[in-house]
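Chemist: Take this structure, written in structure tokens, and hold onto it; I'll ask about it next.
2 protein chains.
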Amino acid sequence: MVRGRITGLAVSDVRFPTSLGHHGSDAMHPDPDYSAAYVVIETDARDGLKGYGLTFTLGKGTEVVVCAVNALSIHVVNKDLEEIVSDFRGFYRQLTSDGQLRWIGPEKGAVHLATAAVLNAVWDLWAKQEGKDPKQLLSCIDFRYITDALTEEEACGKSSFCQDRSPYSLSCFLFQWDYSSSRALLFKYSKMAYLGRRKELCTEALKDGWTRFKVKVGANLPDDIRRCRLIREMIGPDKTLMLDANQRWEVKEAIEWVTKLAEFKPLWIEEPTSPDDILGHAAISKALAPLGIGVATGEQCHNRVIFKQLLQAKALSYLQIDSCRLGSVNENLSVLLMAKKFQIPVCPHAGGVGLCELVQHLIIFDYISVSGSLENRMCEYVDHLHEHFKYPAIIKKASYVPPQDAGYSTEMKEESARKYQFPQGEVWQKILSKP
Amino acid sequence: MVRGRITGLAVSDVRFPTSLGHHGSDAMHPDPDYSAAYVVIETDARDGLKGYGLTFTLGKGTEVVVCAVNALSIHVVNKDLEEIVSDFRGFYRQLTSDGQLRWIGPEKGAVHLATAAVLNAVWDLWAKQEGKDPKQLLSCIDFRYITDALTEEEACGKSSFCQDRSPYSLSCFLFQWDYSSSRALLFKYSKMAYLGRRKELCTEALKDGWTRFKVKVGANLPDDIRRCRLIREMIGPDKTLMLDANQRWEVKEAIEWVTKLAEFKPLWIEEPTSPDDILGHAAISKALAPLGIGVATGEQCHNRVIFKQLLQAKALSYLQIDSCRLGSVNENLSVLLMAKKFQIPVCPHAGGVGLCELVQHLIIFDYISVSGSLENRMCEYVDHLHEHFKYPAIIKKASYVPPQDAGYSTEMKEESARKYQFPQGEVWQKILSKP
Chain V
1 MVRGRITGLA
11 VSDVRFPTSL
21 GHHGSDAMHP
31 DPDYSAAYVV
41 IETDARDGLK
51 GYGLTFTLGK
61 GTEVVVCAVN
71 ALSIHVVNKD
81 LEEIVSDFRG
91 FYRQLTSDGQ
101 LRWIGPEKGA
111 VHLATAAVLN
121 AVWDLWAKQE
131 GKDPKQLLSC
141 IDFRYITDAL
151 TEEEACGKSS
161 FCQDRSPYSL
171 SCFLFQWDYS
181 SSRALLFKYS
191 KMAYLGRRKE
201 LCTEALKDGW
211 TRFKVKVGAN
221 LPDDIRRCRL
231 IREMIGPDKT
241 LMLDANQRWE
251 VKEAIEWVTK
261 LAEFKPLWIE
271 EPTSPDDILG
281 HAAISKALAP
291 LGIGVATGEQ
301 CHNRVIFKQL
311 LQAKALSYLQ
321 IDSCRLGSVN
331 ENLSVLLMAK
341 KFQIPVCPHA
351 GGVGLCELVQ
361 HLIIFDYISV
371 SGSLENRMCE
381 YVDHLHEHFK
391 YPAIIKKASY
401 VPPQDAGYST
411 EMKEESARKY
421 QFPQGEVWQK
431 ILSKP
Chain Z
436 MVRGRITGLA
446 VSDVRFPTSL
456 GHHGSDAMHP
466 DPDYSAAYVV
476 IETDARDGLK
486 GYGLTFTLGK
496 GTEVVVCAVN
506 ALSIHVVNKD
516 LEEIVSDFRG
526 FYRQLTSDGQ
536 LRWIGPEKGA
546 VHLATAAVLN
556 AVWDLWAKQE
566 GKDPKQLLSC
576 IDFRYITDAL
586 TEEEACGKSS
596 FCQDRSPYSL
606 SCFLFQWDYS
616 SSRALLFKYS
626 KMAYLGRRKE
636 LCTEALKDGW
646 TRFKVKVGAN
656 LPDDIRRCRL
666 IREMIGPDKT
676 LMLDANQRWE
686 VKEAIEWVTK
696 LAEFKPLWIE
706 EPTSPDDILG
716 HAAISKALAP
726 LGIGVATGEQ
736 CHNRVIFKQL
746 LQAKALSYLQ
756 IDSCRLGSVN
766 ENLSVLLMAK
776 KFQIPVCPHA
786 GGVGLCELVQ
796 HLIIFDYISV
806 SGSLENRMCE
816 YVDHLHEHFK
826 YPAIIKKASY
836 VPPQDAGYST
846 EMKEESARKY
856 QFPQGEVWQK
866 ILSKP
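Note that the protein sequences, when read in sequence, are chains V and Z. Heads up, the first sequence is in the working numbering, so the first residue is 1 and it goes up one at a time. Heads up, the second sequence is in the working numbering, so the first residue is 436 and it goes up one at a time.
In structure tokens form, the structure reads like this:
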């Protein structure tokens, strides 16, 4: 039973000073402080349950998202949870289509990241409260602007494309997860390693059972060639190599550059250019297909309309959803279903703060209830900052282990949320007091 | 001579309670309070000049953009103006590619609106300080991600597409405007009327010399047919009728709906669907072309990469730039030049708060230095809130009159900025104190 009226929504600016150690940096983001706008919602249900949600950020700008969360809170506070989830699509649209707030998006940028944080908290709370009828899942999706690619009827399995495996075939997405029966199936979701320049990292990763390796490219071609050669030699011909350009290139430049790396047989080139450039990605995909190299993108694609077009234009071969940039589970469901229809594997973006904790739920749902396949599917994993979460993602034999606890795994340890709060937390007080 | 170090950047949340009179409302934005994040920059140059900039918003969410402006201010304060304008492209990229802030865009949503407000203020200050060498104009554009559509060389006029009229052919964009010689040319930039349901409005507009009329559609087909018939009968067959759907429709729905309005010979359908849907707009354009109806969009298109694709995909026949959603003059220049290359007329979005004041500079530049044509070109005008500006746009015979004062016409009257500040200003204190 869903219960309670939401009596409070608190949001805080939690930042981890990762730039001090240059963790997670890339060519476009040289000094990120991995951060989160962290949302906690409370109800009057007297069951002690709270909903925790977040969106991932890189330090500066978190305060902007916090401000946007506060602006959205009028649509959340004083609502009955029952009222929200019984018309979750309507609630989604209320958040994304507020007649005034909409202008500063719509459905993109800070206000959409804020929507994700709020909705992630609602899903966490809902999931904690009960196992629900999965038939409600489709009613959480706002199909606005994507019906030319996917209609609700098709998604229901009334149409042919997903009759083999209706989204209704499993009743436990996020809820009451049956760990014992599913673990074996999911072990194949391998993690990928971010490789720096050091050879040792690769050796160590191979020893730990890693099978897929990602190399950052785009800054310097001779150096890229040198590193790709090194890694390919170390991992041998059978393991998977992927390239990530973090949006460095123009369209033609991407094609020329990656062509020169083709000899190392990469599976994909990730984020070759602007995440907004659907036609650019299509041109790159077309040019690289004869070389056997796919295009992957999505971590900065801002909503379902962009993903729809990437699929329609055959602009990618691997689709990388993000649990915090899209409007939570609601919008990610629509993308999973479209990917199924267009037969493109979903390989979520993760890492950051809490992204692995969140997307593990989405890959499991995709596998069990939508795609029914592990072929060419994988989920990013970075071994970083999990210690701050109450229910951290667990990796065994280089694979995600299905989460056992109810909820969306988004709750931080109280001490972490307090210590790392920006700028009041003790960690930041110490850093900021230095001359 | 450009002079001075920027010593301060102040931003305020200025809101006009337009929702009380339902001004400017449409199907997607039923109750806007026309507002602005309003930026003032000061220097130590002792010339008394300040730069004023703004971005238009709809009320709620302005505080989010204000927060984003504050986040950007570290890139502005303590910079020499000379340093900024001598590498304006670099400065633009610094604002849009901050390694941490970038994540909450990139180049979209609240942080890009904030970029526009800041850069609008810089252009205002620069323009006030001096008439500058127009050869510098191209060096303000960041061509990143659009070189497959337009290179700097092409924009320079070295390539064929703009040899007839190089962007360098006039030296007075924003600066030292020669009013007497240009007014006649520009009178043809007619304004468009927003028409409500009342017949009298139309009669009055015709009497005032208006030649182009826009009707909001999309909520109710029989009502749309009734109103379009009424207006077409009143304005006769020779005047121009345009339709605006404010993103109401799915792709197929747009085609079907507009087909049923074709008998009224509209010039265009504006914003038929999501502003992110390039392929959707292309499908609608293709379907409506045989009916002689073009597609117009742009007021919520968030950056040059979206406009590039709309042009590449033949998705529009009329391109509606926005002076406050794109990254100020810098990014709008890139769009004007691409529109020239693809031979699509630019018809800016205006109205709002200060948009008419800003875009009048852009249409003049487009006409004199880029397109060299008035054919099918027009600029929106709404007779609203101009009284709050120190240098309001002036309309004569239903046409914009070129501005005579140096600067970007963005300065508000001090009293207005003070009274309408949210929530401290006296206007809001009065409204908010009501039970």
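Built from N, CA and C at the ideal position, the CB exists for glycine as well. Just so you know, these numbers come straight off a predicted model, no measurement behind them.
Across the segment 233 to 247 of chain V and the segment 495 to 512 of chain Z, are there enough close Cβ pairs to call them in contact, namely three or more that are closer than 8 Å?
Modeler: Output reads no: the segment 495 to 512 of chain Z does not touch the segment 233 to 247 of chain V.
Chemist: By a C-beta neighbour count over all protein chains shown, 10 Å radius and 16 as the cutoff for buried, is L455 of chain Z buried or exposed?
Modeler: The residue given as residue 455 of chain Z occupies position 20 in the second sequence. Exposed.
Chemist: Any Cβ of chain V within less than 7 Å of the Cβ of H464 of chain Z?
Modeler: Residue mapping note: residue 464 of chain Z aligns to position 29 of the second sequence, counting from 1. With 7 Å as the cut-off, H464 of chain Z counts as an interface residue toward chain V.
Chemist: State buried or exposed for R450 of chain Z, treating a residue as buried only when at least 16 other CB atoms are found within 10 Å of its CB.
Modeler: For the purposes of this step, residue 450 of chain Z is taken as the residue at position 15 of the second sequence. Buried, by the Cβ-count rule.
Chemist: Can you name the residues of chain V whose CB is closer than 7 Å to the CB of D711 of chain Z?
Modeler: Reading the second sequence from its first residue, position 276 is the one you call residue 711 of chain Z. The answer, in chain order, is N303, V305 and I306.
Chemist: Beta-carbon within less than 6 Å of K869 of chain Z's beta-carbon, same chain only, minus the 5 sequence neighbours each way: which residues are those?
Modeler: Along the second sequence, one-based indexing puts residue 869 of chain Z at 434. Excluding residues within five positions, none has a Cβ falling inside 6 Å.
Chemist: Which partner residues does T240 of chain V have in the DSSP bridge list?
Modeler: Residue mapping note: residue 240 of chain V aligns to position 240 of the first sequence, counting from 1. In the DSSP output, where bridge partners are listed per residue, T240 of chain V has V:R212.
Chemist: I want to see whether chain Z comes within less than 7 Å of V251 of chain V, judged by CB atoms only; does it?
Modeler: Reading the first sequence from its first residue, position 251 is the one you call residue 251 of chain V. Taking Cβ atoms only, chain Z reaches closer than 7 Å to V251 of chain V, which makes this a yes.
Chemist: Given a cut-off of 7 Å on the beta-carbon distance, is the pair G109 of chain V and K743 of chain Z in contact?
Modeler: Numbered from 1 along the first sequence, position 109 holds the residue referred to as residue 109 of chain V. Numbered from 1 along the second sequence, position 308 holds the residue referred to as residue 743 of chain Z. Not a contact, by the Cβ cut-off of 7 Å.
Chemist: Considering only the beta carbon of each residue, do L554 of chain Z and V512 of chain Z sit closer than 7 Å?
Modeler: By 1-based counting over the second sequence, the position of residue 554 of chain Z is 119. By 1-based counting over the second sequence, the position of residue 512 of chain Z is 77. Taking 7 Å as the Cβ cut-off, L554 of chain Z and V512 of chain Z do not qualify as a contacting pair.
Chemist: Let me know if I509 of chain Z comes out buried or exposed under the rule of 16 or more other beta-carbons within 10 Å of its beta-carbon.
Modeler: Here residue 509 of chain Z refers to the residue found at position 74 when the second sequence is read from its first residue. That one is exposed.
Chemist: Could you name the residues of the same chain whose beta carbon sits closer than 7 Å to that of Q529 of chain Z, not counting the 5 residues immediately before and after it, in chain order?
Modeler: The sequence position of residue 529 of chain Z within the second sequence is 94, counting from 1. For Q529 of chain Z, where only same-chain residues beyond five positions count, the Cβ hits under 7 Å are H510.
Chemist: Quick one: which chain V residues come within Cβ less than 8 Å of K543 of chain Z?
Modeler: To locate residue 543 of chain Z, count along the second sequence from 1; it is residue 108. What K543 of chain Z touches in chain V: K108, G109, D276 and H302.
Chemist: Please report the distance separating the alpha-carbon of W268 of chain V from that of G354 of chain V.
Modeler: Translated into the one-based positions of the first sequence, residue 268 of chain V becomes position 268. Translated into the one-based positions of the first sequence, residue 354 of chain V becomes position 354. Distance between the alpha carbons of W268 of chain V and G354 of chain V: 25 Å.
Chemist: Rank Z:I728, Z:D482 and Z:E810 by C-alpha distance to the C-alpha of L696 of chain Z and give the top, closest one.
Modeler: Counting from one through the second sequence, the residue named residue 696 of chain Z turns up at place 261. When each option's Cα is compared against that of L696 of chain Z, the closest is Z:I728.
Chemist: So with Cβ pairs under 7 Å, would you call G762 of chain Z a contact of chain V?
Modeler: Here residue 762 of chain Z is taken as the residue at index 327 of the second sequence, counted from 1. With 7 Å as the cut-off, G762 of chain Z does not count as an interface residue toward chain V.
Chemist: Could you check which residue in Z:D577, Z:D659 and Z:M436 has the C-alpha nearest to that of D515 of chain Z?
Modeler: Stepping through the second sequence from its first residue, residue 515 of chain Z is reached at position 80. Answer by Cα proximity: Z:M436.
Chemist: Can you give me the C-alpha to C-alpha distance between S399 of chain V and E357 of chain V, rounded to a whole angstrom?
Modeler: Walking along the first sequence from the start, residue 399 of chain V turns up at place 399. Walking along the first sequence from the start, residue 357 of chain V turns up at place 357. Straight-line Cα distance between these residues: approximately 13 Å.
Chemist: Indicate whether A689 of chain Z and T708 of chain Z have their beta-carbon atoms separated by less than 7 Å.
Modeler: Residue mapping note: residue 689 of chain Z aligns to position 254 of the second sequence, counting from 1. Residue mapping note: residue 708 of chain Z aligns to position 273 of the second sequence, counting from 1. Yes, they are a contact pair.
Chemist: In whole angstroms, give me the CA-to-CA distance for R102 of chain V and H464 of chain Z.
Modeler: As a working mapping, residue 102 of chain V is identified with position 102 in the first sequence. As a working mapping, residue 464 of chain Z is identified with position 29 in the second sequence. Taking the straight line joining both Cα atoms gives about 8 Å.
Chemist: Please confirm whether C502 of chain Z has its beta-carbon closer than 7 Å to some beta-carbon of chain V.
Modeler: Taking the second sequence and counting its residues from 1, one reaches residue 502 of chain Z at position 67. Chain V contact via Cβ: present.
Chemist: Could you work out which residues of chain Z lie near D33 of chain V, taking near to mean beta carbons separated by less than 8 Å?
Modeler: Position 33 of the first sequence, counted from the first residue, corresponds to residue 33 of chain V. In chain order: Q535.
Chemist: Please tell me whether I539 of chain Z has its Cβ less than 7 Å away from any Cβ of chain V.
Modeler: Residue mapping note: residue 539 of chain Z aligns to position 104 of the second sequence, counting from 1. Closer than 7 Å: yes.
Chemist: Could you tell me if K626 of chain Z is buried or exposed, where buried requires 16 or more neighbouring beta carbons within 10 angstroms of its beta carbon?
Modeler: The residue given as residue 626 of chain Z occupies position 191 in the second sequence. Note that K626 of chain Z scores a pLDDT of 38, beneath 50, so its modelled location is shaky; the value from the coordinates is reported in the next line. Buried is the call here.
Chemist: Who are the neighbours of E63 of chain V on chain Z, taking C-beta pairs under 8 Å?
Modeler: Along the first sequence, one-based indexing puts residue 63 of chain V at 63. Ordered by position in chain Z, the residues that pass the 8 Å Cβ test against E63 of chain V are C502 and A506.
Chemist: Kindly indicate the opening and closing residues of the beta strand (DSSP E) around D98 of chain V.
Modeler: As a working mapping, residue 98 of chain V is identified with position 98 in the first sequence. Looking at the DSSP string, D98 of chain V is not in any beta strand (DSSP E), and its letter there is neither H nor E.
Chemist: Give the residues of chain A in contact with A313 of chain V, contact being defined as C-beta atoms less than 8 Å apart.
Modeler: Checking the listed chains, one finds no chain A in this structure; the protein chains it contains are V and Z.
Chemist: Do D466 of chain Z and F857 of chain Z have their CB atoms nearer than 7 Å?
Modeler: Indexing the second sequence from 1 puts residue 466 of chain Z at position 31. Indexing the second sequence from 1 puts residue 857 of chain Z at position 422. Not in contact: D466 of chain Z and F857 of chain Z (Cβ atoms no closer than 7 Å).
Chemist: Let me check one thing: in DSSP terms, what residues is L54 of chain V bridge-paired to?
Modeler: Here residue 54 of chain V is taken as the residue at index 54 of the first sequence, counted from 1. In DSSP, L54 of chain V forms a bridge with V:Y38.
Chemist: In whole angstroms, what separates the C-alpha of H458 of chain Z from that of T497 of chain Z?
Modeler: The count along the second sequence starts at 1 and reaches residue 458 of chain Z at position 23. The count along the second sequence starts at 1 and reaches residue 497 of chain Z at position 62. Cα to Cα, H458 of chain Z sits roughly 18 Å from T497 of chain Z.
Chemist: Take N376 of chain V and list the residues in its own chain whose beta-carbon comes closer than 6 Å to its own, dropping the five residues that flank it on each side.
Modeler: Position 376 of the first sequence, counting from 1, holds the residue named residue 376 of chain V. Only P345 meet the Cβ criterion.
Chemist: Indicate whether at least one CB of chain V lies closer than 7 Å to the CB of L573 of chain Z.
Modeler: As a working note, residue 573 of chain Z is residue 138 in the second sequence. No - not a single Cβ of chain V is within 7 Å of the one on L573 of chain Z.
Chemist: By Cβ distance below 7 Å, which residues in the same chain neighbour T259 of chain V in space, the five residues on each side in sequence not counted?
Modeler: Taking the first sequence and counting its residues from 1, the one referred to as residue 259 of chain V is at position 259. Answer for T259 of chain V: L291, listed in chain order.
Chemist: For the segment 409 to 425 of chain V against the segment 479 to 491 of chain Z, do three or more pairs of beta-carbon atoms, one drawn from each stretch, fall closer than 8 Å, so that the two count as touching?
Modeler: At 8 Å Cβ cutoff, the stretches do not touch.
Chemist: Since Q100 of chain V and L493 of chain Z are thought to touch, with beta carbons under 8 Å apart, how far apart are those beta carbons, to the nearest angstrom?
Modeler: Taking the first sequence and counting its residues from 1, one reaches residue 100 of chain V at position 100. Taking the second sequence and counting its residues from 1, one reaches residue 493 of chain Z at position 58. With 8 Å as the limit, Q100 of chain V and L493 of chain Z qualify as a contact, their Cβ atoms being about 4 Å apart.
Chemist: So L362 of chain V packs on P348 of chain V, CB below 8 Å; how close in whole Å?
Modeler: For the purposes of this step, residue 362 of chain V is taken as the residue at position 362 of the first sequence. For the purposes of this step, residue 348 of chain V is taken as the residue at position 348 of the first sequence. Contact holds; Cβ gap of about 6 Å.
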